[in-house]
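In the numbering used here, the protein residues as written are 209 to 492.
Worksheet: one structure, shown below.
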């Protein structure tokens, strides 16, 4: 039955099993400044307070050598700026733990800074019309820079017009690209009024044949949509440490849970970490 299936996979392919003490996918942002794209719906732009100074590289390494996680997902915005050195240091620390390093970024960043891919096993490519033209040719060009690394398309529903393009066939075309390993249909957080429960129910009906073949295999739904609307599992947890000394149990929440000074303090406070019991993004 459609949507009855459950998976132990995170939408980015590594969902933490709920009984594990691991943080699962640990999110990092290296830039203290706002991204130049300046999307009004960006979860980073909605974080409260002034932009934080990036964590020192030595502190980042110490954190990554102490915490228990399965994957580190480093987000690099436009412009890439001076992130190459800390990213390489992160890659070394993650590799020493035998964990996965994922780079979440745009095709434009990778075209400008191809060396950012060194030490990266997976790329989450952020896809929507605000970040450049979306065509099978443009995604194919970006994919060829990324391979043989795993490629996940993070396709964000940034407007009703773009959502309609996707549902009318573009989503099928993107998923059919041979270079694409997985695709996540990503809702904005907090959800805009048009992206409500009725929208998602209608979208699922239109995508039914594709979901029957690919749901939780190569096609994944947004975390709050899967967990809150369709009850396909609990919160997968996307804790975040960045860009300053702040911890968020959900990367998308505007307010930090707490601030920390040292890696040992952070590790001690995260002993027995569990995902948030209540999703911060209820939808209509």
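Just so it is clear, CB atoms sit at the ideal spot from N, CA and C, and this is done for glycine as well.
These numbers come from a predicted model, not from an experiment.
Residue environment, residue i, which counts as buried when at least 16 other CB atoms sit within 10 Å
i           : result
residue 467 : exposed
residue 322 : exposed
residue 476 : exposed
residue 330 : buried
residue 304 : exposed
residue 509 : With the chain represented from 209 up to 492, any question about residue 509 goes unanswered, as that position is not in the structure.
residue 405 : exposed
residue 505 : Beyond the ends of the chain as shown, which are 209 and 492, falls residue 505; an answer cannot be given.
residue 402 : exposed
residue 409 : exposed
residue 221 : Caution is warranted here: a pLDDT of 33 is assigned to residue 221, below 50, making its placement in the model unreliable, and the coordinate value is therefore given only provisionally. Buried, since its Cβ has 16 or more Cβ neighbours within 10 Å.
residue 457 : buried
residue 307 : buried
residue 390 : buried
residue 279 : buried
residue 216 : Residue confidence is low: residue 216 scores 33 on pLDDT, short of 50, so the model does not pin down where it sits. Its coordinate-derived value is still stated next. The residue in question, residue 216, is exposed, as its Cβ has fewer than 16 Cβ neighbours within 10 Å.
When the options are compared against residue i, the one with the closest alpha-carbon
i           : options            : result
residue 333 : 313, 342, 491      : 313
residue 381 : 262, 346, 369      : 346
residue 492 : 439, 433, 481, 465 : 433
residue 309 : 238, 375, 298, 401 : 298
residue 263 : 294, 368, 484      : 294
residue 269 : 391, 236, 373, 253 : 236
residue 239 : 247, 274, 231, 286 : 286
residue 360 : 408, 291, 471, 328 : 328
residue 413 : 438, 390, 401, 315 : 438
residue 282 : 417, 275, 292      : 292
residue 275 : 472, 489, 372      : 472
residue 356 : 368, 326, 344      : 326
Proximity of residue i and residue j at Cβ, strictly below 8 Å
i           : j           : result
residue 487 : residue 411 : no
residue 272 : residue 302 : yes
residue 454 : residue 464 : yes
residue 398 : residue 443 : no
residue 430 : residue 374 : no
residue 231 : residue 277 : yes
residue 324 : residue 284 : yes
residue 440 : residue 383 : no
residue 254 : residue 462 : yes
residue 350 : residue 385 : no
residue 288 : residue 320 : yes
**Item:** Cβ pair count under 8 Å reaching 3, the region 331-341 against the region 358-370
**Value:** Yes, they touch.
**Message:** Assess contact between the region 444-453 and the region 412-425, defined as three or more Cβ pairs (one per stretch) separated by less than 8 Å. Is contact present?
**Reply:** No: the two stretches stay apart, fewer than three of their Cβ pairs being nearer than 8 Å.
**Whole runs of the beta strand (DSSP E) within the region 342-382, excluding any shorter than 3 residues** = The qualifying runs are 358-364.
**Request:** Report the residue ranges of all alpha helix (DSSP H) runs contained in full by the region 390-425; include only those spanning at least 4 residues, in chain order.
**Result:** Fully enclosed alpha helix (DSSP H) runs of 4 or longer: 405-414, 416-422.
**Request:** Enumerate, from N- to C-terminal direction, the unbroken alpha helix (DSSP H) stretches of 4 or more residues contained entirely within the region 245-323.
**Result:** If we require 4 residues or more, the alpha helix (DSSP H) runs fully inside the region 245-323 come out as 265-274, 292-304, 315-320.
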